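Q: First to last, the protein sequences are chains S and E.
The first sequence: position 144 = 143 (numbering that gives the first Met the number 0), numbered continuously.
The second sequence: position 96 = 95 (numbering that gives the first Met the number 0), numbered continuously.
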Amino acid sequence: MAFAWLPGALGDIARGALTTILLIAVTTLAGTFLSILGAAGRRNGPVLLKRAIAWYVEIIRNTPFLVQLFFIFFGLPSLGIRLDPVLAAMLAMTLNMAAYTIEIVGAGLDAVPGGQTEAALALGLRPRQVFIKIVLPQALKVIFPALTSQIVIMMLESAVVSQIAVRELTYEADMLQARTFRSFETYFVVTMVYLVLSMALRRLLVSGGRRVLGAGVS
Amino acid sequence: MIEFTFWDIVRNLLLAARWTVLLSLAAFIGGGIVGLIVLFFRIAKNKWSRRIASGYIALFQGTPLLMQLFLMFFGLPMLGLRIEPWTAAVLGLTFFASAYLAEIWRSGVAALPLGQWDAGASLGLHYLQELRLIILPQAFSITRAPTVGFLVQLIKSTALTSIIGFEELVRTSNAINNATFEPFKVYGLVALIFFVMCFPLTQYARSLEKRAAAH
Numbered sequence: 000m001a002f003a004w005l006p007g008a009l010g011d012i013a014r015g016a017l018t019t020i021l022l023i024a025v026t027t028l029a030g031t032f033l034s035i036l037g038a039a040g041r042r043n044g045p046v047l048l049k050r051a052i053a054w055y056v057e058i059i060r061n062t063p064f065l066v067q068l069f070f071i072f073f074g075l076p077s078l079g080i081r082l083d084p085v086l087a088a089m090l091a092m093t094l095n096m097a098a099y100t101i102e103i104v105g106a107g108l109d110a111v112p113g114g115q116t117e118a119a120l121a122l123g124l125r126p127r128q129v130f131i132k133i134v135l136p137q138a139l140k141v142i143f144p145a146l147t148s149q150i151v152i153m154m155l156e157s158a159v160v161s162q163i164a165v166r167e168l169t170y171e172a173d174m175l176q177a178r179t180f181r182s183f184e185t186y187f188v189v190t191m192v193y194l195v196l197s198m199a200l201r202r203l204l205v206s207g208g209r210r211v212l213g214a215g216v217s
Numbered sequence: 000m001i002e003f004t005f006w007d008i009v010r011n012l013l014l015a016a017r018w019t020v021l022l023s024l025a026a027f028i029g030g031g032i033v034g035l036i037v038l039f040f041r042i043a044k045n046k047w048s049r050r051i052a053s054g055y056i057a058l059f060q061g062t063p064l065l066m067q068l069f070l071m072f073f074g075l076p077m078l079g080l081r082i083e084p085w086t087a088a089v090l091g092l093t094f095f096a097s098a099y100l101a102e103i104w105r106s107g108v109a110a111l112p113l114g115q116w117d118a119g120a121s122l123g124l125h126y127l128q129e130l131r132l133i134i135l136p137q138a139f140s141i142t143r144a145p146t147v148g149f150l151v152q153l154i155k156s157t158a159l160t161s162i163i164g165f166e167e168l169v170r171t172s173n174a175i176n177n178a179t180f181e182p183f184k185v186y187g188l189v190a191l192i193f194f195v196m197c198f199p200l201t202q203y204a205r206s207l208e209k210r211a212a213a214h
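1. Give a yes or no on contact between the stretch 133-146 of chain E and the stretch 101-119 of chain E, applying the rule of three or more CB pairs nearer than 8 Å.
2. Closest Cβ-Cβ distance between threonine 201(E) and chain S: below 8 Å?
3. Asparagine 61(S): buried (16+ other C-beta within 10 angstroms of its C-beta) or exposed?
4. Report all residues from its chain with a CB closer than 8 Å to the CB of glutamine 115(E); omit the five preceding and five following residues, and keep chain order.
5. Does any C-beta atom of chain E lie closer than 8 Å to the C-beta of tyrosine 55(S)?
6. Count the other CB atoms, across all protein chains shown, that sit within 10 Å of the CB of glutamine 202(E); report buried if there are 16 or more and exposed otherwise.
7. Helix, strand or coil for threonine 142(E) per DSSP?
8. Considering lysine 184(E), what are the terminal residues of the alpha helix (DSSP H) in which it resides?
9. Confirm, please, whether the CB-CB distance from arginine 166(S) to threonine 18(S) is below 8 Å.
10. Only counting the same chain, and skipping five residues up and downstream in sequence, which positions put a Cβ closer than 8 Å to that of glutamine 67(S)?
11. In chain S, which residues lie with their C-beta within 8 Å of the C-beta of tyrosine 186(E)?
12. Applying a beta-carbon distance threshold of less than 7 Å, which residues of chain E neighbour phenylalanine 183(S)?
13. Measure the alpha-carbon distance for phenylalanine 180(E) versus isoleucine 71(S) and round it to whole angstroms.
14. Are the CB atoms of isoleucine 192(E) and leucine 12(E) nearer to each other than 8 Å?
15. Which residue from Cys197(E), Phe39(E), Leu111(E) and Gly31(E) puts its Cα closest to that of phenylalanine 95(E)?
16. Taking C-alpha atoms, which residue in Val195(S), Leu196(S), Phe183(S) and Pro126(S) lies nearest to glycine 74(E)?
17. With methionine 153(S) as the anchor, note down where its alpha helix (DSSP H) starts and where it stops.
18. Distance cutoff 8 Å, beta carbons only. Does glycine 61(E) sit that close to anything in chain S?
19. Using only CA atoms, which one of Asp7(E), Thr4(E), Phe3(E) and Phe27(E) lies nearest to threonine 157(E)?
20. Strictly below 8 Å CB to CB, what residues from chain E border phenylalanine 180(S)?
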């Protein structure tokens with residue numbers, strides 16, 4: 000084991016980690032938004048939309064993320080849609096995460112008692128207000144732990160986007176080990192960085208969730 | 000450029016899919032065996048044994064599988080072992096699976112009423128007999144749905160072994176794509192093959208879940 004290369008590599012590792020954080024931040028926001036729309040559409044939309052969402056969820060959940068990524072990055076250009084690697088990675092991660100979180104958000108929506116909606120409607124709120132102000136916050140509170148786990152899992156899976164040359168943490172590790180010839184040590188250090196990131200992300204999400212959704216979020 | 004007909008592509012992908020299936024099975028069986036050992040540590044009476052097992056599980060659940068595979072691939076040669084992609088893939092996925100399976104089964108053990116242990120002890124069974132005859136059969140049976148669900152995750156995870164050079168479905172598809180320049184078709188077919196492998200298992204897990212919820 001030799002770590003003499005490490006001080007000179009800290010800048011690259013930090014830059015890679017920042018890109019990973021950026022990717023997961025965008026994915027979290029876009030993915031959660033998309034899954035709220037998806038879960039609502041699956042419950043209240045027209046039949047065709049319901050069916051389309053159900054198929055989308057099944058297709059994504061039963062195929063590997065790596066294949067989805069390759070399909071989007073290498074496959075879509077033949078339809079005339081050319082994305083730069085970072086955009087392709089964000090799109091693939093968002094679409095992947097949403098398929099899992101649609102189910103999670105849906106379970107949360109089902110857990111809110113129907114009386115809540117009836118009471119809000121009786122108070123004269125419009126259906127959209129009822130959903131955004133009454134049902135959704137309660138649903139999010141219930142599902143917050145599951146949502147947090149899914150976001151952490153997605154952050155770990157994002158290591159794969161190095162394969163389409165997005166310069167995130169794993170990509171930087173690949174470059175470093177090619178330069179230092181210290182493959183094991185390089186990947187070991189970067190694995191530890193991932194471990195710290197995943198623990199920090201979980202903690203950040205829990206404390207952020209407490210602040211926004213109120214006490215009782217764990 | 001080599002000419003590939005549609006059927007050439009399908010045939011080559013299906014041949015490669017055999018390795019995906021084999022790797023999934025090997026990792027599931029290996030992961031089950033190692034997972035059982037981790038489970039013993041995780042539910043032992045000794046505090047340190049429980050802590051070590053928790054740490055093991057947290058380590059594998061808190062780092063990317065791709066990194067675990069890289070560490071296997073580059074780490075084992077440092078121990079003087081000659082390593083091929085297949086060995087690194089099986090070992091990497093085995094340890095990965097063991098952490099998840101141990102955690103799933105532990106939740107099953109934790110869900111059993113403590114009276115089950117007491118009843119076993121009052122029948123004069125010692126600890127290992129209790130585990131083998133009373134606790135583990137019930138724990139496995141109530142965690143069957145998440146175990147099948149994890150198998151689906153494991154099958155999908157084999158795709159990552161293409162990155163360390165194991166010739167399974169995804170690596171073969173990369174080679175075919177480089178020869179045919181038809182990524183839409185090739186990766187679409189790969190996705191379809193994975194779907195055909197995983198969807199029945201997903202449905203099975205769902206029906207197990209429903210059956211469990213009905214009780």
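Just so it is clear, CB atoms sit at the ideal spot from N, CA and C, and this is done for glycine as well.
Predicted model, so just to flag it, every value in this text is computed and none were measured.
A: According to the structure shown:
1. The answer is yes - the stretch 101-119 of chain E touches the stretch 133-146 of chain E, with three or more Cβ pairs under 8 Å.
2. True, the Cβ-Cβ gap to chain S drops below 8 Å.
3. It is buried - the Cβ of asparagine 61(S) has at least 16 other Cβ atoms within 10 Å.
4. Contacts found: Ile133, Ile134 and Gln137.
5. Tyrosine 55(S) has a beta carbon lying at 8 Å or more from every beta carbon in chain E.
6. Glutamine 202(E) should be labelled exposed.
7. Here threonine 142(E) sits in coil by DSSP.
8. Taken as a continuous stretch (DSSP letters only), the alpha helix (DSSP H) holding lysine 184(E) covers 182-213.
9. A contact, by the Cβ cut-off of 8 Å.
10. Closer than 8 Å at Cβ, skipping near neighbours: Ile59, Ala91, Leu94 and Asn95.
11. The contacting residues are Val66, Phe69, Phe70, Phe73 and Gly74.
12. The answer, in chain order, is Leu70, Phe73, Gly74 and Met77.
13. Each residue's Cα considered, the two are about 15 Å apart.
14. Against a cut-off of 8 Å, the Cβ pair of leucine 12(E) and isoleucine 192(E) comes out as a contact.
15. When each option's Cα is compared against that of phenylalanine 95(E), the closest is Gly31(E).
16. It is Phe183(S) whose Cα lies nearest to the Cα of glycine 74(E).
17. It spans 135-156 - the alpha helix (DSSP H) in which methionine 153(S) sits, taken as one unbroken run.
18. Judged by the 8 Å Cβ criterion, glycine 61(E) is in contact with chain S.
19. Among Asp7(E), Thr4(E), Phe3(E) and Phe27(E), the Cα nearest to that of threonine 157(E) belongs to Phe27(E).
20. Identification of chain E residues near phenylalanine 180(S) by a Cβ-Cβ cut-off of 8 Å yields none; the smallest Cβ-Cβ distance measures about 11 Å.
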